[in-house]
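Residue numbers (the UniProt record's numbering): 1 to 112. To start, the structure under review is shown below, and the notes come after it.
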């Protein structure tokens with residue numbers, strides 16, 4: 001079972017989780033991170049490090065955010081792997097905790 005990045009990461013994109021991932025399972029989009037379920041080793045390190053509380057065990061993803069399970073798997077196929085910590089997005093503190101940010105998700109890829 002894998003971990004899943006959910007709604008609260010959108011427009012924040014803190015990368016503290018990336019630093020602790022022993023499997024390099026994170027992939028980076030313009031304003032969101034995802035976890036590739038095929039890379040994730042279910043180590044439980046990333047949720048603790050996420051300052052936005054946006055990462056859940058797959059079977060604990062809130063009901064209203066179930067779409068993020070498939071979204072993580074799909075976007076990880078197109079976005080580049082991220083293995084080093086970067087600064088969060090400029091408006092991260094403003095957006096942290098704002099609900100229903102899926103409408104702002106930028107799914108652009110290098111292939112787009």
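Cβ atoms here follow ideal geometry from the backbone N, Cα and C, with glycine treated the same way. This structure is a prediction, so every number in the text was calculated from the model and none was measured.
Partner residues in the beta bridge of residue 34, as assigned by DSSP, are 27. Collapsing the DSSP output to three states places residue 57 in a strand. Residue range 3-5 is occupied by the beta strand (DSSP E) that includes residue 5. Closest option to residue 64, judged by alpha-carbon separation, among 7, 3 and 50: 7. Counting C-beta atoms within 10 angstroms of its own C-beta, residue 101 has 16 or more neighbours from the protein chains shown and is therefore classed as buried. Residue 16 and residue 49 do touch by the CB rule: their CB atoms are close to 4 Å apart, below 8 Å.
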